[in-house]
Each structure stands twice: as C-alpha cells, then as structure tokens.
Amino acid sequence: MNETAIAQQELVTAPQNEVAVELTGSAALLEALLVEGVDTIFGYPGGAIMPVYDALYDYKEKLNHILVRHEQGGIHAGQGYARTSGKVGVVFATSGPGATNLITGLADAQIDSTPLVCITGQVFAHLLGTDAFQETDIINISSPVTKWNYQVTDATEIPEVLAKAFYIARSGRPGPVLIDITKNAQIQKFQYKGYSPCNHIRSYRPKPIVRHEYIEQAAALINQAKKPFILFGQGVILGEAEKEFKAFVEKSGIPAAWTILGAGAIPTDHPQNVGMLGMHGNYGPNVLTNECDVLIAIGMRFDDRVTGRLDKYAKQAQVIHLDIDPAEIDKNVKTTVPVWGDCKETLPLLTALVDQKQHTEWLAKFNEYTAKEVEAVIDAELHPTSGEITMGEVIDQLNKLTKGEAVIVSDVGQHQMVACRYADFKQTRSNVTSGGLGTMGFALPAAIGAKYGAQDRTVVAIIGDGGMQMTIQELGTIMQSGVDVKIIILNNRFLGMVRQWQELFNERRYSFVDIQSPDFVQVAAGYRIPGKCISEREELQPALEQMLNNKGSFLLEVMVTKENNVFPMVPQGCSVSEIRLK
Amino acid sequence: MDKQEFNITVYTENQIGLLNRIAIIFTRRKINIDSLNTSPSEIKGIHRFNIVIDETEDVVRKLCRQIEKQVEVLKAYYHTNADVIWQEMALYKVPADVIAEKASVERLLRENGARAVVIRKDYIVFETTGHREETDNLIKVLEPFGLIEFVRSARVAIIKDSDGFNSKIREFERLDPSEEVIENEYLNKGQKVFTM
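So the sequence lines, in the order shown, correspond to chains Y and B.
Heads up: the first sequence begins at 1365 in the working numbering, then just goes up one per residue.
Heads up: the second sequence begins at 90 in the working numbering, then just goes up one per residue.
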C-alpha cells in the first residue's frame, strides 16, 4: 500500500491562489488553522515540533496559544473548548512522551465524540523506525482511540491532510483526529497554493441518508403508544438540534430523560424533562424504562451505565433509535425501527408526523417517583439542617447564585454524579464532563478550555480531592493565561466513589481509598490564585458569592461529609428497575 | 445463534495503517482472525480484504459496521461459505528421493488435483488449490513421504450474488447525498434487514 490518501481525495474547492507562494510546512499548517477559523490552540513545545513553534512566533497575533503544564492538560482543555464552543479543539504536542501524554484525552474524546485535531511533532522521516530520541509510533498507538490519524512526511501534503482532518473531526459523529508531522516536513519549503476546506471523501459517509419509510414507521409506533418514553443523549447537542428536539418533545407530549452527556439539551426545568438515566440517575426514569411501551432513543448509545443489566432492559418496549452512526443501531439494544441520520434532519420529519398529545397520566407517574426520591434522597442531600456540608447543597446553592446559566465542568466520581444530578442547566453546552471514559483529572484542564470556548459565560469546575491532584499542575496554566475559572473542590477526604462501592459491596474493606490532600488553598496561593476553605454551612453561600464575584479565578475548597453515598443507585449487574434508594 | 465460518469482504482505499485499524477491531474483541488476505479488486486503486472468522452472525454484522466506520473503508460485506466461491492455495515440499522411490507421483498428483511447481534432485514442491479439506487431504497423503515444509495461503473469495463494485464506486464518488444504508445487500439479495 503505497499511494497517499490524498490522491484519492476529491476536494470541492474554494478557488485556490492563482500564484503559489513559498512556505514551510509549519507555516502551511498555521495557515490551514486560520482558514478553519481556529482562534485558540492548547499546546506544549518540544524538540520534534520546534519548527511549528518557530512559525507560531509570527502568528502570535492571530492564533492564541495557551501553554499548558502537561500534554494531558492540553488535550482536556481542547476537549473543554470543543464542548462549549461546538468548534474543533486544536492541540499541539511534541513527539514521544508529548504524543503519548495525549492518549488519555484521545480515548476520552473518542468515546465522548468530541471533535479534536491534534498535531504531534515526529522525528525526521529518515529516522523513523530507528528508535531515535523521542521517537514513538504514535500512529499505531493512537489508532484505537482516534477517528482518523495520518503521518505527514512531506510538506506538500499538509494543506490537504489538514483539510481532511478538520472535515473528519467535525462531520458525522465527531471525534478526535491526530496528525503526526515529521520534523523534515515541518521545515521543508514548498509552493503553497492556498488552502481549500474539504467536504467530501470518497470512502467516508458522515451521514447516512434519511429513510422515510422508517420515519413513518416510527411515527406510527409513537402515535399508537400509551406509555412512550424519550431517552436523549449528546447527539442532540452535537447535531445542534436542540430546537428541533424541543419541538418534538412538546408536540408529542412524551416524557424525556437524559444521559449525562445529554444534560442541558433541553432545560432541566422543562416540564417534560423527567431527569437523568442510569446508575445514579433518577428513580422514575430508571424504573419506568421497564414499563414504557415505546422507547425513543435519540443520539444516545445505550452505555452499560445507562442500561444496567441488558437482558432485563426495556424488554417490553418497542425501540426506536435515532442515530447518525449506523454502528450504534442494535449494538447493545435491539431496535424495532432504526432511524438513521442526523437528528437535526430526522427530528423535524418525525415531529411533522406525530400527533399532538399530552401524556398527562403517564407523566404524572414520573412525578410520583420523583416525590418518592425527593423524600428518600434529595431532601436530605440538598437541604440538610445539621451535620457536615453535603455535596448536593453546594450544587443547590450554586444553582441559585448562577441561575443555572453557568457552564459546569465536573471531574469523575461521586461529585460528578451529584453535580450532574442536581445542577440546573438553562442552556445547552453547559455540562462538560468525562462521560464515557470516566477520566479523573479531566475537569481542571477542561474548564480552562471550556472558558476559552465560551468567554462570556461563567465556568465552574467541580472537582473531588482525588481528581484535583491528578492534574493540579494546570493551576499554572490558569496563572499564566489569566483565564477566569471558578474551582470548587468537594473534599470528602476519600476516593469517594470507590469507597462507596467498598462500603456497599466489599464489606467496608476500605482498600487504599483514604487519600490525603495538600492544603489546596495554599497550593492555589502559590500559583497566585486566591482561595478559601470552608467547612461550616453558614459559610457556604457567602463563600460561593465571593468566588463568583471575584474578578478572575478562585479556588473554593468545601469540606463535605466524609462517608456520604450517592443514591439512587443501580448496582452493577442489576436491572434498572432494581434501582436502590438507599 | 451458532458460530460458523463467515467471509468478510472489505473494499478500501489504499492506505498505510488501514490494515492495523481493521485488525484491531477484531483483536479488541478478542476475536481470532482465521485468515486474512489483501489484494487489488476489480477497480483500480481499490483494495479488497478477505477476512475469515468463526463467529455468530450477530457478532459478524456488528464487526462489519465497525469496519465500515473506518474512514478509508468503502464497504464491508459478510457471507457464509455457501454464498461465496472460495479457494485457498497450498504448497508442499517433499524429499525427491523418497517420493520417487515409494509413490507413483503422477497418480498422486492426478488424484489430488495437484501439480509439481519445482522438481529438483533433492526435493519437489507440489501445489494444490481448493477448499480446506482438499489442501488438508494432500498433507495426509504426503506425510508418509516426509513432508519437509507446508504452507497454505489466506482464503480468497468471490461473492456469488455480487455485481461487482463498479456501480457502487460511482455512488461513493458523488458529492451528495450519501448512499442509502442497506445492510449487507447481497446477503438477502437486496432485502433490507430491518422490517417491522
């Protein structure tokens, strides 16, 4: 196999420059970023990517490069940026360790369908395969965790490869792309004829064509359903179909529940929004999944954390699955009617065919379960009157102060489940969290990126004491860039989620979950970030106000109950209807 | 669903690294590839993978969808052995003196549909092409004469119901819209998999 991909790629070209100019590969790369509308790059220089950084010196005015403290921080920042802005996140790293440090973020972006273009430097082409200094086979290492990757060894390939990279990253089901550029190609001068964005690759079908017979079949099923139930995921947000989705929900009158990445696609307080699905989701949506007659899954992939035990999942229901990725249909849950396509196109077609209805009684059933959950769990979590501060009341207070308008970036663990369960999302692209991969250490760097992606919004990172220590070095990025990120550490002095499982399933054998932390406020002070640590209930609201009103970043550490558990919970291996309230 | 042999045919662009991307779809799921062949196809510049695995149809269908997700893959089909014409080639090296002394070489070749590719003083190389039983059978026949080396090629398979990829490739080359997703169209002679 020897020809390049480029030979087979057809570009629908914007007019190219009539006159070619001589550019280095590095400059051509930066030109490509400008045409693609990139304004922010997260990166870290190193030997094999030095020519790109040298070229960047001349582009400082046009491209804002944020120097991170670790490449993992760089890629998570790129993810945060992509998630709030809807644009492709761009990340630079050098070869070898720089490149391998991207892997966790690539895997995270792959499983959460986040559009990224990562540029890695590579040793000179003539050194490939010689175990050269900082050489690593990043193409093969990253293959399972990228939507596409490609190694450039000749500068003339750069414009077309970059065009392809951006097109693949953002189109269809988005995902991360890695472009590895050997140092010789970065230095090489060639006749640059301009940059033409790509909109077609012969072998790549980003969107399956909409098949009207299935839309009709889906509408017929929905119209005769007595207890239909909508499950929505991030596909609605990625497809920018929030309006179309809301129209469908409101016309059909069907209760709708969300996966954690779907949160915010319609406002949390929408009367038909019945809550969160899955292991720590709400009571009603889990139990009633096994009572509905038609299940309408929109832009979600039936993750095991959502379905629980698969052979006891919604067996009574006919399943309609709307997804842009044909491989998701029937992957986990057998579909009655598959609605392939972009939900921005398929939802309006479906809305047109469904009857205007109100499923009042059925919706009331969800509310009955909500009432039970409020009594058994939520009240004590959000409005405790004695004892230590709970995680839930921090989120509840925050909701009141931000009026649900903030971007909430959560890390992974108990605080993440609490944040997703209780945060109030008034608008879309407000919930940034590592859903599929569950990457501890995601939140702090992702929050930095999230702020660059949504500069006019308040960005609040909610992080556990464990996750904070995984990427704490990114406080340096905050210090140097001056980005305004509010950091709340919910410190329960445990690796709380693992501890919860050890309590419930391992007879309280607390094996290595007792974690000590530094004085976070002092650490922040070392980075010249103001902070505060509180442990009393009456301090909570003023401290949150102080944090939100502070001009610039602020770190608020809240000492919370040590051994609180997140409930409800669908224990692993159990059906969603076996959800426990305690 | 029972496991059986499936022949997966993948039409792809000619791209470095694609073999790895396809292989890891199997290895990630701990599925062993019994046979893998890459070759040119009926269309210039388009490659054709023939992959053989022993799995249930449900698993094979999901694997094909994952394969088709790869950017450089045009199409992946799967078929049972009954739906394809398939062949494997095998080579056998035996010592010349033993076999000349003990067997009627000519009869042996005739009975096994084999031919001698190389005849030297010290050894003879036989070749036969056919199904697994046929190539296996010649091993048994030659073993008594001291089989020095044996090798069998990957399987190549032609799809009985296929009209080839020429018309398909034109669809792919069109800018817009995407072609319809028809599951494994040749398997059920164009019948769609999903029905109400």
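Every residue, glycine too, gets a C-beta built ideally from N, C-alpha and C.
Computed from a predicted structure; not experimentally measured.
Would you kindly report the start and end of the unbroken beta strand (DSSP E) that includes residue i?
i                         : result
aspartate 1687 (chain Y)  : 1682-1687
isoleucine 1851 (chain Y) : 1850-1855
aspartate 1544 (chain Y)  : 1540-1546
glutamate 1330 (chain Y)  : There is simply no residue 1330 (chain Y) to check, as chain Y begins at 1365 and stops at 1946 in what is shown.
Could you spell out the range, first to last residue, of the alpha helix (DSSP H) harbouring residue i?
i                            : result
glycine 1840 (chain Y)       : 1839-1845
phenylalanine 1612 (chain Y) : 1606-1616
glutamine 1555 (chain Y)     : Run containing glutamine 1555 (chain Y): none in the alpha helix (DSSP H); it sits in the beta strand (DSSP E), 1553-1556.
threonine 1715 (chain Y)     : 1707-1717
glutamate 146 (chain B)      : 146-158
threonine 1448 (chain Y)     : 1435-1449
histidine 1564 (chain Y)     : Unbroken run through histidine 1564 (chain Y): none, as it is neither H nor E.
alanine 1582 (chain Y)       : 1576-1588
glycine 1890 (chain Y)       : 1884-1890
What does DSSP give as the partner residues of residue i in its beta bridges?
i                            : result
proline 184 (chain B)        : B:Tyr212
phenylalanine 1406 (chain Y) : Y:Ile1430, Y:Val1455
threonine 127 (chain B)      : B:Phe138
isoleucine 1742 (chain Y)    : The partner list for isoleucine 1742 (chain Y) (beta bridge, DSSP) is empty, contrary to what the question assumes.
leucine 1919 (chain Y)       : Y:Ile1851, Y:Gly1895
aspartate 1878 (chain Y)     : Aspartate 1878 (chain Y) is not bridged to any residue.
serine 1939 (chain Y)        : Y:Gly1672
arginine 1948 (chain Y)      : Look at the range of chain Y in this structure, 1365 to 1946, and you will see that residue 1948 (chain Y) is not part of it.
threonine 1388 (chain Y)     : Y:Lys1553
arginine 1944 (chain Y)      : Y:Met1933
alanine 179 (chain B)        : B:Thr217, B:Arg241
valine 1924 (chain Y)        : Y:Ile1753
Can the beta-carbon of residue i be found less than 8 Å from the beta-carbon of residue j?
i                            : j                         : result
threonine 1700 (chain Y)     : valine 1683 (chain Y)     : yes
alanine 1533 (chain Y)       : lysine 1557 (chain Y)     : no
alanine 1463 (chain Y)       : glycine 1453 (chain Y)    : no
threonine 1517 (chain Y)     : alanine 1496 (chain Y)    : no
histidine 1440 (chain Y)     : glycine 1411 (chain Y)    : no
glutamine 1552 (chain Y)     : alanine 1519 (chain Y)    : yes
leucine 1713 (chain Y)       : valine 1613 (chain Y)     : no
valine 1455 (chain Y)        : glycine 1407 (chain Y)    : yes
isoleucine 1898 (chain Y)    : alanine 1907 (chain Y)    : yes
valine 1924 (chain Y)        : asparagine 1870 (chain Y) : no
isoleucine 1502 (chain Y)    : aspartate 1544 (chain Y)  : yes
phenylalanine 1593 (chain Y) : isoleucine 1662 (chain Y) : no
cysteine 1331 (chain Y)      : alanine 1814 (chain Y)    : With chain Y running from 1365 to 1946 in the structure shown, residue 1331 (chain Y) is simply not present.
glycine 1802 (chain Y)       : aspartate 1848 (chain Y)  : no
glycine 1830 (chain Y)       : glycine 1777 (chain Y)    : yes
serine 1459 (chain Y)        : valine 1487 (chain Y)     : yes
Identify whether residue i lies in helix, strand or coil by the three-state DSSP scheme.
i                            : result
isoleucine 1826 (chain Y)    : strand
glycine 1411 (chain Y)       : helix
glycine 253 (chain B)        : coil
leucine 107 (chain B)        : helix
proline 1379 (chain Y)       : Reliability fails at proline 1379 (chain Y), whose pLDDT of 47 lies under 50, so the model's placement of it is uncertain and the value that follows must be treated cautiously. Reduced to three states, the DSSP call for proline 1379 (chain Y) is coil.
proline 1461 (chain Y)       : helix
asparagine 1914 (chain Y)    : coil
asparagine 1366 (chain Y)    : Residue confidence for asparagine 1366 (chain Y) is low, a pLDDT of 40 falling below 50, so the modelled location carries little weight; the figure read from the coordinates is stated next. Here asparagine 1366 (chain Y) sits in coil by DSSP.
asparagine 287 (chain B)     : An answer regarding residue 287 (chain B) cannot be provided, because it is not within the stretch 90 to 285 covered by chain B.
threonine 169 (chain B)      : strand
alanine 1814 (chain Y)       : helix
phenylalanine 1593 (chain Y) : strand
asparagine 1929 (chain Y)    : coil
threonine 1734 (chain Y)     : helix
glutamine 1598 (chain Y)     : coil
lysine 1729 (chain Y)        : helix
valine 1703 (chain Y)        : strand
isoleucine 1693 (chain Y)    : coil
threonine 174 (chain B)      : Before going further, note that residue 174 (chain B) is isoleucine rather than threonine in the sequence given. Residue state, collapsed to three classes: strand.
threonine 101 (chain B)      : strand
glutamate 1425 (chain Y)     : coil
serine 267 (chain B)         : Note that serine 267 (chain B) scores a pLDDT of 49, beneath 50, so its modelled location is shaky; the value from the coordinates is reported in the next line. Correct three-state label for serine 267 (chain B): coil.
leucine 163 (chain B)        : strand
Got a sec: does the ligand ATP put a non-hydrogen atom nearer than 7 Å to the Cβ of residue i?
i                      : result
glycine 1777 (chain Y) : Judged by which ligands are present, the structure shown has none, so any question about the ligand ATP falls away.
Any beta-carbon of chain C closer than 8 Å to the one on residue i?
i                     : result
lysine 1553 (chain Y) : Here chain C cannot be found, since the structure's protein chains are Y and B.
**Asked** Fully enclosed by the region 1503-1535 of chain Y, which alpha helix (DSSP H) runs are 4 residues long or longer?
**Response** Complete alpha helix (DSSP H) runs here, min 4: 1522-1534.
**Message:** Ignoring anything shorter than 3 residues, give me the beta strand (DSSP E) runs that lie fully in the region 1756-1803 of chain Y, in order along the chain.
**Reply:** As far as the region 1756-1803 of chain Y is concerned, its whole beta strand (DSSP E) runs of at least 3 residues are 1771-1774, 1795-1797.
**Prompt:** Quick one: complete alpha helix (DSSP H) runs, 4+ long, within the region 1616-1682 of chain Y?
**Reply:** Secondary structure remark: continuous alpha helix (DSSP H) runs of at least 4 residues inside the region 1616-1682 of chain Y, in chain order: 1647-1653, 1668-1671.
**Item:** Within the region 1462-1490 of chain Y, ranges of the alpha helix (DSSP H) (whole runs, at least 4 residues)
**Value:** The region 1462-1490 of chain Y contains these whole alpha helix (DSSP H) runs: 1467-1475.
**Message:** Going residue by residue through the region 189-251 of chain B, where are the continuous alpha helix (DSSP H) segments of at least 4 residues, counting only ones entirely within it?
**Reply:** Complete alpha helix (DSSP H) runs here, min 4: 194-201, 221-231.
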